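Student: This structure is in structure tokens; I'll ask about it shortly.
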Amino acid sequence: MTAGDRPSARRGADGDAHGPSSSGPLGLRLVLQSVPTALRKLDPRVMYRSPVMFVVEVGAVLTTVSAVRSSTVFAWVIALWLWLTAVFANLAEAVAEGRGRAQAETLRRARTETTARRLAEGPVEGHHAAEERVAASRLRQGDHVVVEAGEVIPGDGDVVEGIASVDESAITGESAPVVRESGGDRCAVTGGTVVLSDRIVVKITSRPGETFIDRMIGLVEGAARGRTPNEIALNILLASLTIVFLISVVTLQPFAAYAGATQPLVVLVALTVALIPTTIGALLSAIGIAGMDRLVQRNVLAMSGRAVEAAGDVNTLLLDKTGTITLGNRQATAFLPVEGVPMAELADAAQLSSIADETPEGRSIVVLAKREHALRGRAEGELDHASFVPFTAQTRMSGVDLDDGQERRCLRKGAATSVLHWVRQSGGPPAPDIGGIVEDISAGGGTPLVVGEVLQREGRRSARVLGAVHLKDVVKPGIRERFDELRQAGIRTVMITGDNPLTARAIAEEAGVDDFLAEATPEDKLRLIEREQADGKLVAMTGDGTNDAPALAQADVGVAMNSGTSAAKEAGNMVDLDSNPTKLIEIVAIGKQLLITRGALTTFSVANDIAKYFAIIPAMFATVYPGLNWLNVMRLHSPTSAITSAVVFNALIIVALIPLALRGVRYRPSSASRLLSRNLGLYGLGGVLAPFAGIKLIDALVRFVPGLH
């Protein structure tokens with residue numbers, strides 16, 4: 001699978017589509033494919049799950065029976081549009097599920113049946129372990145399999161021996177291979193991915209039919225989504241409102257009978273359907289499915305709809321410093337020479353001692369010397385009579401020895417204590433001001449690397465300290481602004497780091513986080529989460545290692561990295577297929593977008609029902625109670641045209657709002673009070689005004705239909 005075949009399309013933080021699969025939430029082909037599913041969902045055994053729409057279906061049945069018994073154009077038109085209302089509601093859910101099925105088909109193509117090379121007696125060092133070839137479906141938890149270059153990994157597991165480059169594009173959509181190795185937090189592999197190089201031994205951690213891809217397919221199809229507590233609570237509220245309106249409509253008949261104007265069943269059913277909250281009742285399920293779909297489009301797999309909702313209610317974000325807040329590698333930012341040493345001499349010595357240093361820190365020193373002091377980067381082969389000294393954990397320094405036969409120049413760069421000890425042993429006194437330079441760098445949250453020199457010429461030897469290189473964790477561009485936005489939304493950010501408190505405080509202040517936890521251990525993370533939850537807060541965090549599993553399990557939103565261990569992925573309730581810790585901020589935004597969308601459409605639906613009241617009630621009773629004429633503010637043509645127009649509008653507004661339900665209301669970080677004001681102002685007012693315009697327009701058309709005027 002190439003990058004162009006990726007299973008999900010990317011979207012920006014504002015929810016706009018940026019991929020081919022997201023060209024529109026209501027593509028004509030997808031709608032046509034969803035119609036049969038929408039019709040099948042008319043089964044009462046399915047419809048009863050939504051009390052509001054079940055009432056609509058019962059009303060459609062009653063009006064159909066009434067139309068058969070007493071055939072009129074009015075009765076048949078009302079029956080038709082009531083059935084269409086139920087179908088449109090099912091269509092919203094069917095389209096949302098259809099988008100998931102399209103993504104699931106891509107995943108199914110990645111799930112191929114392969115033959116596994118199972119080790120008969122567990123992992124054995126070397127390449128001559130006893131093997132047996134079995135179908136991947138016969139693998140069980142605890143089995144060990146060998147996978148070499150060009151072979152498909154037969155099941156989910158952890159690498160227990162070896163290191164290899166793996167193509168995970170079938171899962172993540174990214175064409176660039178990743179490295180998976182034993183003995184660390186990047187050992188998890190997924191069935192269906194391909195080993196590109198070397199040989200690894202994988203311990204299977206999943207049962208047949210319960211692999212990561214199987215779970216992804218079930219979740220993106222919506223089959224395993226289930227209803228969330230908030231959805232259940234809202235359904236209960238909608239059912240309660242429906243019962244209230246049913247009672248209200250039933251009590252209207254005695255008033256009409258008293259005045260000698262008994263209303264037919266068709267009118268009473270139309271009134272009931274127009275007044276109950278059909279709009280949100282029809283779109284509620286689609287909103288939840290679409291929320292999970294938006295996560296999948298960003299390559300995040302939510303194990304439940306509850307996790308998505310919890311993300312929207314999060315109060316505290318726990319963020320790892322490395323890779324999330326900072327770029328992940330310390331960068332050289334300045335050369336600080338001791339007194340008497342020219343800046344150019346220190347930069348040259350630091351660059352020379354870093355030529356053979358392939359670490360990101362070493363590369364950054366070479367780049368800084370070139371950028372700030374115009375020192376051309378030199379390769380190892382360009383230096384004559386050079387002997388490079390690699391970094392070791394024992395010496396904690398690296399460098400180069402230059403010997404042209406007349407002069408031997410030794411340069412070292414590394415930890416301050418190691419280089420100072422080396423200079424003393426070589427007979428040189430430490431520079432008096434190097435201690436202050438090192439302390440200043442450390443106090444600012446940086447890491448000092450000291451550079452020293454030993455010269456041997458004509459039997460004489462001298463040693464000295466040249467200065468220090470300031471390494472620091474570089475905070476990601478724009479991250480401070482992201483934290484400011486989260487703060488506006490009432491979310492507290494906590495940076496987690498293994499650094500000492502002094503360094504952690506400096507980085508926290510630069511990044512703009514609200515708090516930090518320094519020298520953090522897995523137990524510290526767990527205690528912090530429990531403390532926040534004890535204060536009534538919802539907590540989200542990311543992790544990739546087995547030692548993160550307890551905290552991921554405890555967090556309300558635990559996002560495990562796909563590159564991490566199987567234990568971490570099992571503990572979390574979300575998995576980031578891109579293994580990008582920064583995505584936690586996007587996940588929170590998507591959760592809030594889901595909640596805001598549901599709240600906005602609920603507000604619109606209730607306001608919408610209030611407006612329809614002014615269309616139908618005056619039409620029903622104005623001839624009997626002339627005093628109600630003042631309520632007929634829309635000046636509708638006749639009672640039958642008014643009722644018909646309200647029922648038609650009630651059905652069409654569902655179709656009009658399906659794209660918004662699937663795309664989601666645009667989320668902007670803001671306080672809860674401002675969001676509430678915006679919802680009431682935009683969707684509340686819009687819900688009141690839209691029916692007035694829509695029903696009046698439909699009434700102008702309906703009046704020309706014989707039997708409806």
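FYI, in UniProt numbering the residues of the sequence shown are 1 to 709. Note that CB positions come from ideal geometry on N, CA and C, so glycine has one too. The structure displayed is predicted, hence computed values, not measured ones.
1) Quick check on the DSSP output: the alpha helix (DSSP H) that includes Lys696 runs from which residue to which?
2) For the alpha helix (DSSP H) that His421 lies in, which residues bound it at each end?
3) How big is the Cα-Cα spacing for Met53 and Phe212?
4) Which residues in the same chain have their Cβ closer than 7 Å to the Cβ of Val56, if we skip the five residues on either side of it in sequence?
5) Out of Val389, Gly445, Ala468, which has the shortest C-alpha to C-alpha gap to Leu420?
6) Do Arg118 and Asp156 count as a contact pair if the criterion is CB distance below 8 Å?
7) Measuring straight from C-alpha to C-alpha, what distance separates Ala224 and Glu439?
8) So what does DSSP say about Phe391, is it helix, strand or coil?
9) Check whether the Cβ of Val202 sits closer than 7 Å to any heavy atom of the ligand FMN, and report yes or no.
10) Could you give the distance in angstroms between the alpha-carbon of Ala551 and the alpha-carbon of Gly558?
11) Can you give the Cα-Cα distance for Val450 and Asp293, rounded to whole angstroms?
12) Is the beta carbon of Phe516 closer than 8 Å to that of Val494?
13) Could you please give the first and the last residue of the uninterrupted alpha helix (DSSP H) stretch that includes Leu368?
14) Check each candidate in Arg140, Ala135, Val160 and name the one with the smallest Cα separation from residue 710.
15) Where does Gly24 land, buried or exposed, given buried means 16+ other C-beta within 10 angstroms?
16) Can you tell me the Cα-Cα spacing of Gly209 and Gln141, whole angstroms?
17) Where do the ends of the alpha helix (DSSP H) carrying Arg487 lie?
18) When you compare each of Arg412, Val296, Leu402 to Asp357 by their alpha carbons, which one comes out closest?
19) Given this structure, state the Cα-to-Cα distance separating Ile280 from Arg598, to the nearest angstrom.
20) Checking 8 Å against the spacing of the C-beta atoms, do Pro581 and Thr542 come in under that value?
21) With three or more C-beta pairs closer than 8 Å as the rule, is the segment 635-654 touching the segment 453-463?
22) Taking 6 Å as the limit between beta carbons, can you name the residues of its chain near Leu368, skipping five residues before and five after?
23) For Leu295, collect the residues of the same chain with a Cβ closer than 8 Å to its Cβ; drop the 5 residues on either side in sequence, then sort them by chain order.
24) Quick one: what's got a C-beta closer than 7 Å to Pro390's C-beta in the same chain, skipping five residues either side?
25) In whole angstroms, give me the CA-to-CA distance for Met561 and Ala67.
26) From what residue to what residue does the alpha helix (DSSP H) around Ala549 run?
27) Would Val159 and Glu131 qualify as a contact pair, given that the criterion is a beta-carbon distance under 8 Å?
28) CA-CA distance, His385 and Asp484?
29) Just to confirm the assignment, what range does the alpha helix (DSSP H) spanning Leu265 have?
30) Relative to the C-alpha of Gly312, which candidate in Leu689, Lys592, Ser354 has its C-alpha closest?
31) Does DSSP put Ser165 in a helix, in a strand, or in coil?
32) Which of helix, strand or coil does DSSP assign to residue 717?
33) Evaluate Ala534 with the Cβ neighbour count: other Cβ atoms within 10 Å of its Cβ, from every protein chain shown; 16 or more gives buried, anything less gives exposed.
34) Would Ala290 and Ala661 be called neighbours here (beta carbons separated by less than 8 Å)?
35) For Ala700, is the classification buried or exposed, using 16 other Cβ atoms within 10 angstroms of its Cβ as the cut-off for buried?
36) So which of Arg424, Ala506, Asn230 has the shortest CA-CA distance to Ser462?
Tutor: For this structure:
1) 685-702
2) 416-425
3) 35 Å
4) Leu82, Thr85, Ala86, Val273, Thr278
5) Ala468
6) no
7) At Ala224 the pLDDT is 48, less than 50, meaning the model places this residue with poor confidence; the figure from the coordinates comes in the next sentence. Roughly 56 Å separates the two Cα atoms.
8) coil
9) Annotation note on the ligand FMN: not contained in the displayed structure, which lists no ligands.
10) 8 Å
11) 52 Å
12) yes
13) 360-373
14) Past the edges of the chain, shown from 1 to 709, lies residue 710, and the structure says nothing about it.
15) Because Gly24 carries a pLDDT of 45, less than 50, the predicted location of this residue cannot be relied on, and the following value inherits that uncertainty. Exposed, since its Cβ has fewer than 16 Cβ neighbours within 10 Å.
16) 12 Å
17) 479-488
18) Arg412
19) 8 Å
20) yes
21) no
22) Ala332
23) Leu301, Ala302, Val308, Met574, Ile587, Ile590
24) Ala356, Ser398
25) 59 Å
26) 549-554
27) no
28) 54 Å
29) 265-275
30) Lys592
31) strand
32) Any question about residue 717 goes unanswered here, given that the chain covers just 1 to 709.
33) exposed
34) yes
35) exposed
36) Arg424
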